[in-house]
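Enquirer:
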Amino acid sequence: MSYLNMQDEKLIPVVVELNTLLANYHVYYQKLRNFHWNILGENFFDLHNKFEELYTDARTKIDEIAERILTLRYHPMSKLSDYLEISKVQEVSPLKSDKDMVKEIINDHKILLKQMSTVIEKANSASDEGTIDLIGAYIRELEKSSWMLNAWTKKTSEQLKPNLIES
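Under this note's numbering, the first residue of the sequence shown carries the number 878, and numbering increases by one thereafter.
1) Going by the beta-carbon positions, is the gap between L949 and V996 smaller than 7 angstroms?
2) Answer yes if the stretch 905–915 comes into contact with the stretch 1011–1019, meaning at least three C-beta pairs across the two stretches below 8 angstroms, and no otherwise.
3) Please report the straight-line C-alpha distance between I916 and S974, rounded to a whole angstrom.
4) Starting from H903 and walking both ways along the alpha helix (DSSP H), at which residues does that stretch end?
5) Would you please state the rounded distance, in angstroms, between the beta carbons of L961 and P953? I believe it to be under 8 angstroms.
6) Go ahead and label N888 buried or exposed: buried means 16 or more other beta carbons lie within 10 angstroms of its beta carbon, across all protein chains shown.
7) Out of K980, A943, E944, D1005, point me to the one whose CA is closest to A1028's CA.
8) Using 8 angstroms as the cut-off, can you tell me whether the stretch 918–926 makes contact with the stretch 936–945, which would need three or more C-beta pairs spanning the two stretches below that distance?
9) What three-state label does DSSP hand G1007 in the structure shown?
10) Quick check on Y945: does DSSP put it in helix, strand or coil?
11) Alpha helix (DSSP H) containing L989: first to last residue?
12) Between the C-alpha atoms of N882 and G1007, what's the straight-line distance to the nearest angstrom?
13) Our contact map puts I988 next to N901 with C-beta atoms below 8 angstroms; I'd like the distance itself, whole angstroms only.
14) From which residue to which residue does the alpha helix (DSSP H) around S958 run?
15) Which of helix, strand or coil does DSSP assign to I932?
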């Protein structure tokens, strides 16, 4: 018996895109752990803590994405080899500078945000409000994290776009 008011044929594209997001998040999670363990330099304390915060959040999202797939009555991917095969987020060497690590994470955020938009597009076509709600919240959170990491890469003399409202 189906407890969902959605058609299976419309959910299959949603599940495919959620599994892709799950794969991306697994590689992203491991990359954050890698950077957390291998950060060096004057920004060690700030970034060591930030990377831990980010990978803890990613771990939660991995579980929630898998549980959403299960809620839709499908099995989530669960093999590392499958994650590595379909993930757009790529493994990298831990031998990077602090700034290069942050730039790498910001780039991964772009990949994750793009995949989240694809999930929302497919979920919208399936009238899957639960997935839309879940992923919409992820987008908001990841955009904020991206803004903060991007601000960290800037010089204090740099400015944002000019104010559109006269003071």
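Heads up, the beta-carbon is just placed ideally off N, CA and C, and yes, glycines get one too.
Expert: The relevant details are as follows:
1) Working through the sequence shown from its first residue, we reach residue 949 at position 72. Working through the sequence shown from its first residue, we reach residue 996 at position 119. For L949 and V996, no; Cβs fall outside 7 angstroms.
2) no
3) For the purposes of this step, residue 916 is taken as residue 39 along the sequence shown, with counting starting at 1. For the purposes of this step, residue 974 is taken as residue 97 along the sequence shown, with counting starting at 1. So the alpha carbons of these two residues sit roughly 8 angstroms apart.
4) Numbered from its first residue, the sequence shown carries residue 903 at position 26. Here the alpha helix (DSSP H) through H903 covers 885–915.
5) As a working note, residue 961 is residue 84 in the sequence shown. As a working note, residue 953 is residue 76 in the sequence shown. At roughly 16 angstroms, the Cβ-Cβ gap does not stay under 8 angstroms, so L961 and P953 are not in contact.
6) As a working mapping, residue 888 is identified with position 11 in the sequence shown. Per the sequence presented here, residue 888 reads as Leu, with Asn not at that position. Buried, since its Cβ has 16 or more Cβ neighbours within 10 Å.
7) Within the sequence shown, residue 1028 is the residue found at index 151, counting from 1. Among K980, A943, E944, D1005, the Cα nearest to that of A1028 belongs to K980.
8) no
9) On the sequence shown, position 130 is the one that residue 1007 refers to. In this structure, G1007 counts as helix in the three-state DSSP scheme.
10) Position 68 of the sequence shown, counting from 1, holds the residue named residue 945. As written in the sequence, residue 945 is Arg, which differs from the Tyr given in the question. Helix, per DSSP.
11) Along the sequence shown, read from residue 1 onward, the residue named residue 989 stands at position 112. Counting along the chain, the alpha helix (DSSP H) containing L989 begins and ends at 975–1002.
12) As a working note, residue 882 is residue 5 in the sequence shown. As a working note, residue 1007 is residue 130 in the sequence shown. Whole-angstrom Cα-Cα distance: 11 angstroms.
13) Within the sequence shown, numbered from 1, the residue matching residue 988 stands at position 111. Within the sequence shown, numbered from 1, the residue matching residue 901 stands at position 24. Indeed they touch by this definition, with Cβ atoms about 6 angstroms apart.
14) Locating residue 958 in the sequence shown gives position 81, where the first residue counts as 1. Residues 957–963.
15) The sequence position of residue 932 within the sequence shown is 55, counting from 1. This sequence places Tyr at residue 932; Ile is not what is there. Correct three-state label for Y932: helix.
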